[in-house]
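S.K.: In the working numbering, the protein residues as written are 6 to 305.
#1: Three-state secondary structure (DSSP) at residue 3?
#2: Is any beta-carbon of chain D found at less than 8 Å from that of residue 174?
#3: Helix or strand or just coil, what does DSSP make of residue 73?
#4: Measure the Cβ-Cβ separation of residue 289 and residue 265 and say whether it is below 8 Å.
#5: Can you tell me which residues form a DSSP beta bridge with residue 269?
#6: Near residue 243, which residues of its chain fall below 7 Å by C-beta distance, leaving aside the five closest residues on each side in sequence?
#7: Going by the CB atoms, is the gap between residue 256 and residue 110 shorter than 8 Å?
#8: Please classify residue 285: is it buried, with 16 or more other beta-carbons within 10 angstroms of its beta-carbon, or exposed?
#9: Within this structure, are the beta carbons of residue 4 and residue 91 separated by less than 8 Å?
#10: Comparing alpha-carbon positions, which option in 271, 217, 260 lies nearest residue 235?
#11: According to the neighbour-count rule (16 or more other Cβ atoms, all chains shown, within 10 Å of its Cβ), is residue 156 buried or exposed?
#12: Label residue 152 either buried or exposed according to how many other C-beta atoms from any shown protein chain fall within 10 Å of its C-beta, with 16 as the threshold for buried.
#13: Whether or not the segment 116-133 and the segment 181-188 are in contact is what I'm after, with contact meaning three or more pairs of Cβ atoms, one per stretch, closer than 8 Å; do they touch?
#14: Enumerate, from N- to C-terminal direction, the unbroken alpha helix (DSSP H) stretches of 4 or more residues contained entirely within the segment 94-174.
#15: Enumerated in chain order, which unbroken segments of the alpha helix (DSSP H) with a length of 4 residues or greater are wholly contained in the segment 194-239?
#16: Residues in its own chain within less than 8 Å of residue 269 by CB, not counting five upstream and five downstream?
#17: To the nearest angstrom, how far is it from the Cα of residue 246 to the Cα of residue 216?
#18: Quick check on residue 249: does DSSP put it in helix, strand or coil?
#19: Thinking C-alpha only, which one of 162, 148, 194 is nearest residue 178?
#20: For residue 203 versus residue 95, is the C-beta distance shorter than 8 Å?
#21: Cutting at 6 Å between CB atoms, please list the residues of its own chain near residue 32, excluding the five before and the five after it.
#22: Out of 241, 72, 164, point me to the one whose CA is closest to residue 142's CA.
#23: Whose CA, out of 166, 98, 193, 182, lies closest to the CA of residue 134?
#24: Beta-carbon separation of residue 195 and residue 222 under 8 Å?
#25: Kindly identify the DSSP beta-bridge partner or partners of residue 81.
#26: For residue 220 and residue 231, I'd like the C-alpha separation in whole angstroms.
#27: For residue 214, count the other beta carbons within 10 Å of its own beta carbon; 16 or more makes it buried, fewer makes it exposed. Which is it?
Put into structure tokens, the structure is as follows:
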């Protein structure tokens, strides 16, 4: 699509910025084996701010985002090669809002237990205890060992802040239960950590089933195919009763059919075979970039 070309050119320029970051961080003619994240983030922020005028001129449409999502764009820029992938930043369920519903809504708990059944985990009460003890701010253990902060004081209670915290919880479950078949990737695909909306144009079957356990399976399968962009609930090829349910707030999450913020992930390697990752969120209308992350650059 023509508008998709505009989007990918924009992201290609952002990848070129990562080349500048690498050049800035060079020391003695070679890229460091690792870099201090605070320095990298500061320099990258400055470069991205310089792009504000350019970004403001780009008119991102819902079609650009939908049809471009999930398609990594590979680029070779001389000293740096890499790939860019975009998706809606509203493509995951905020795990904190969902856990709050699990605490106060029996239907949410039942839905969560049904989903855990699909993971074939043997000790579901332990995992739920670990999640809830991480979400609440008290130090009361629902089960022995479920309050991670008691043994690891650095662990933040009161919310599950990011992917690292979620991974810590899942690995703690593996330690206590002896199960090693838990898929961290699946959890990170389903759950995020901020916001209250979920764009149904990007929701997978796990997410739809978690929020709408009473939907017919044919409706779940239809929505999870994502073969077209739905701009209104009336366009969805599902029964009228399901349409009403799909636009109602469920378990702290508000379904939507409009993406107001995109997520950009960039992976890159250098001619010295060093590699790194960069990511950020960008508001579609204001073109404001937030939540910038730059991993340490690692070399062989």
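From the three backbone atoms N, C-alpha and C, an ideal C-beta is built for every residue, glycine too.
M.R.: Checking against the coordinates, here is how it stands:
#1: Within the shown structure, residues of the chain are numbered from 6 to 305, placing residue 3 beyond reach of any answer.
#2: The question asks about chain D, but that chain is absent: this structure has only one protein chain.
#3: What you label residue 73 is simply residue 68 of the chain shown in a count that begins at 1. Correct three-state label for residue 73: helix.
#4: As a first step, residue 289 is located in the chain shown; it is residue number 284 there, counting from the start. As a first step, residue 265 is located in the chain shown; it is residue number 260 there, counting from the start. Closer than 8 Å, so yes.
#5: Residue 269 sits at position 264 when you count from the first residue of the chain shown. For residue 269, which the question treats as bridged, DSSP gives the partners 91, 285.
#6: Your numbering for residue 243 matches position 238 in the chain shown. Counting only Cβ-Cβ distances below 7 Å, and skipping sequence neighbours, we find 224, 227.
#7: If you number the chain shown from 1, residue 110 lands on position 105. If you number the chain shown from 1, residue 256 lands on position 251. In this structure, residue 256 lies closer than 8 Å to residue 110 by Cβ.
#8: For this step, residue 285 is matched to residue 280 along the chain shown. Flag for residue 285 reads buried.
#9: Here the chain comprises residues numbered 6 to 305, so residue 4 is not present and cannot be evaluated.
#10: Within the chain shown, numbered from 1, the residue matching residue 235 stands at position 230. Put simply, of 271, 217, 260 the residue whose alpha carbon is nearest the alpha carbon of residue 235 is 260.
#11: One-based indexing of the chain shown puts residue 156 at position 151. Counting Cβ neighbours within 10 Å, residue 156 comes out exposed, since fewer than 16 surround it.
#12: By 1-based counting over the chain shown, the position of residue 152 is 147. Its Cβ being crowded by 16 or more others within 10 Å, residue 152 is buried.
#13: Because the criterion of three Cβ pairs below 8 Å is met, the segment 181-188 and the segment 116-133 touch.
#14: Within the segment 94-174, the complete alpha helix (DSSP H) runs of at least 4 residues are 100-109, 111-124, 129-140.
#15: 210-216, 222-230
#16: Within the chain shown, the letter at position 264 stands for residue 269. Cβ within range, chain order: 16, 19, 89, 90, 91, 284, 285, 286, 287.
#17: As a first step, residue 246 must be located in the chain shown, where it is residue number 241. As a first step, residue 216 must be located in the chain shown, where it is residue number 211. One C-alpha to the other measures close to 15 Å.
#18: As a first step, residue 249 is located in the chain shown; it is residue number 244 there, counting from the start. In this structure, residue 249 counts as helix in the three-state DSSP scheme.
#19: One-based indexing of the chain shown puts residue 178 at position 173. The option with the nearest alpha carbon to residue 178 is 148.
#20: The sequence position of residue 203 within the chain shown is 198, counting from 1. The sequence position of residue 95 within the chain shown is 90, counting from 1. Residue 203 is a Cβ neighbour of residue 95, given a cutoff of 8 Å.
#21: To locate residue 32, count along the chain shown from 1; it is residue 27. Residue confidence is low: residue 32 scores 39 on pLDDT, short of 50, so the model does not pin down where it sits. Its coordinate-derived value is still stated next. No residues qualify anywhere along the chain.
#22: Within the chain shown, the letter at position 137 stands for residue 142. For the residues 241, 72, 164, the minimum Cα distance to residue 142 belongs to 164.
#23: Translated into the one-based positions of the chain shown, residue 134 becomes position 129. Comparing Cα-Cα distances from residue 134 to each of 166, 98, 193, 182, the minimum goes to 182.
#24: Taking the chain shown and counting its residues from 1, the one referred to as residue 195 is at position 190. Taking the chain shown and counting its residues from 1, the one referred to as residue 222 is at position 217. Not a contact, by the Cβ cut-off of 8 Å.
#25: On the chain shown, residue 81 is found 76 positions in, with the first residue counted as 1. Bridge partners of residue 81 according to DSSP: 86.
#26: Counted from its first residue, the chain shown places residue 220 at position 215. Counted from its first residue, the chain shown places residue 231 at position 226. Near 17 Å, if we compare the C-alpha coordinates of residue 231 and residue 220.
#27: Counting from one through the chain shown, the residue named residue 214 turns up at place 209. So residue 214 counts as buried.
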